[in-house]
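Shown next, in structure tokens, is the structure this report addresses.
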Amino acid sequence: MKKDRPTLVHLTSSLKIGGAESVLCSLLNHPDTQQFDHHVIYFHDGPYSERLRAKGITLHQVTGFVSLYDPIFCVRLYRLIQTIRPQGIH
Numbered sequence: 018m019k020k021d022r023p024t025l026v027h028l029t030s031s032l033k034i035g036g037a038e039s040v041l042c043s044l045l046n047h048p049d050t051q052q053f054d055h056h057v058i059y060f061h062d063g064p065y066s067e068r069l070r071a072k073g074i075t076l077h078q079v080t081g082f083v084s085l086y087d088p089i090f091c092v093r094l095y096r097l098i099q100t101i102r103p104q105g106i107h
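Numbering follows the working numbering, with no gaps: position 48 of the sequence shown is 65.
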């Protein structure tokens, strides 16, 4: 984490080709985003992961059964967010 910039976490289910994923990548490609330390938390990998890594975005994949019925998944997600300590979650 870079302490000189506020940290933002973007939470998405996957980085596969899709509408929400496309909007997220467009948002992170905007020049104004350099004022933040961006982290993307995702559950399923996809082609957008390489594009985001190339831009210097920090990626975190949370594995497990993506549902409220998997308490271990929920704990992993919670601990990761606590570790990153973001100023905002999108």
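Note that CB positions come from ideal geometry on N, CA and C, so glycine has one too.
Model, not experiment: these values are computed from the prediction.
Between the Cα of residue i and the Cα atoms of the options, which residue gives the shortest distance?
i    : options            : result
D54  : R22, F90, I89      : R22
I98  : L76, E38, D87      : L76
G73  : L45, F60, G63      : L45
T100 : H47, G36, I58      : I58
C42  : I89, R68, V92      : R68
A7   : F90, F82, G63, Q51 : The question about residue 7 has no answer here: the residues shown for the chain are numbered 18 through 107.
Need the endpoints of the alpha helix (DSSP H) that residue i sits in, please.
i   : result
Q78 : Looking at the DSSP string, Q78 is not in any alpha helix (DSSP H); the run it does join, the beta strand (DSSP E), is 75-78.
Y86 : Run containing Y86: none; DSSP gives neither H nor E here.
R70 : 65-71
Could you check how far apart the C-beta atoms of residue i and residue j are, in whole angstroms? I think they sit under 8 Å.
i    : j   : result
P103 : T24 : 4 Å
F60  : V40 : Not a contact, Cβ separation roughly 17 Å.
Y65  : L32 : 4 Å
According to DSSP, is residue i part of a helix, a strand, or is it coil?
i   : result
L94 : helix
query = Could you give the uninterrupted runs of the alpha helix (DSSP H) lying entirely in the segment 23-57, keeping only those of 4 residues or more?
reply = The DSSP assignment places complete alpha helix (DSSP H) segments of no fewer than 4 residues inside the segment 23-57 at 36-45, in order along the chain.
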